[in-house]
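Engineer: Following the working numbering, the numbering of the sequence shown begins with 159 at its first residue and continues without gaps.
Cβ coordinates follow ideal geometry from the N, Cα and C atoms, glycine included.
Mind looking over this structure? Questions follow.
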Amino acid sequence: MADDLRSQILDGSLQEGDRVPSEADLMADYGVSRIVVRDAVKVLASEGLVVKRQGAGTFVRALKPQQRRIVGDFYGSRPTSSPFARASKAAGQEPEWEYQSRATTAPKAIATRLNITAGDPVMRTNYRFFADDTPVMLSTSYEPLAITQGTSIEQPEAGAVTGVIPRMDSIGVTITHVTEEVTARAPRPYETENLGVPAGVAVLAIERTYYADDLPVETADIIVAADRYTLAYKVPIPPATDA
């Protein structure tokens, strides 16, 4: 039964927002007990294909996530806004975020990524990002206060300019490249709670660092729910040259 319902969802017979037949209907259609029906629905829920709404029934979840398309100049074209805002608007969605910044000290792992000493002062900002009111991303960023303290961008979201690249440009720090390492894993409890990740859905963990030549100026741990946000990369290949 789970295989059959899964096939109907994946081939579009049951589409996003459609109500899955009731327990009574499934029992009659497949000639099985209520326990079997509930177990089959649990399997689909664990795969992130359906969601149960209290008092309303079980519905097919949205399967097409927002796409963050990374092209050759995604970072290098001196953008005037954050990557998340640009990706959301490109997908026809309205970006919003909530945040909290505070000055603290760098733990060892973050200090290593920023090439500073553990205990050095940093500005930490915790974000939760929304696309059309749906939470899709968490981020914790760190910036060395040795670079930003006393400037107009010391508080990342307090000024008129947002986004790491334009903010750093505004104080004369030119970012030259950015690195990202992406891994997939099971969500942790606070991630499940803050992103509303359903059972069986993984998250993508992105470790991102911006550099001005060899100087790391910001590093962030980014968490996205894999069912509603994908990363698409397009990397240009230089033309062949004569030997």
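(1) Do glutamate 349 and isoleucine 381 come within 8 Å of each other at the CB atom, strictly closer than that value?
(2) Straight-line CA distance for arginine 260 to glutamate 312?
(3) Hey, out of Thr292, Pro293, Gln307 and Arg282, whose CA is closest to serine 299's CA?
(4) Can you tell me the Cα-Cα spacing of tyrosine 391 and valine 336, whole angstroms?
(5) With a 10 Å radius around its C-beta and 16 neighbouring C-beta atoms as the bar for buried, classify serine 191 as buried or exposed.
(6) Where do the N-terminal and C-terminal ends of the beta strand (DSSP E) with serine 299 fall, by residue?
(7) Expressed to the nearest angstrom, what Euclidean distance is found between the alpha-carbon atoms of threonine 309 and alanine 316?
(8) Could you check whether the stretch 319-326 touches the stretch 271-287, counting it as contact only if at least three pairs of C-beta atoms, one from each stretch, sit closer than 8 Å?
(9) Run through the DSSP bridge pairs and tell me what proline 279 is partnered with.
(10) Is the beta carbon of alanine 360 closer than 8 Å to that of arginine 346?
(11) Taking the continuous alpha helix (DSSP H) assigned at glutamate 181, which residues delimit it?
(12) Mind pulling the beta strand (DSSP E) runs of 3 or more residues that sit fully within the stretch 329-378?
(13) What residue range is occupied by the uninterrupted alpha helix (DSSP H) comprising leucine 168?
Structural biologist: In short, the structure shows the following:
(1) yes
(2) 10 Å
(3) Arg282
(4) 14 Å
(5) Result: exposed.
(6) 292-302
(7) Their backbone Cα atoms lie some 11 Å apart in a straight line.
(8) no
(9) Thr263
(10) no
(11) In this chain, the alpha helix (DSSP H) harbouring glutamate 181 covers 181-188.
(12) 335-343 and 361-370
(13) 160-168
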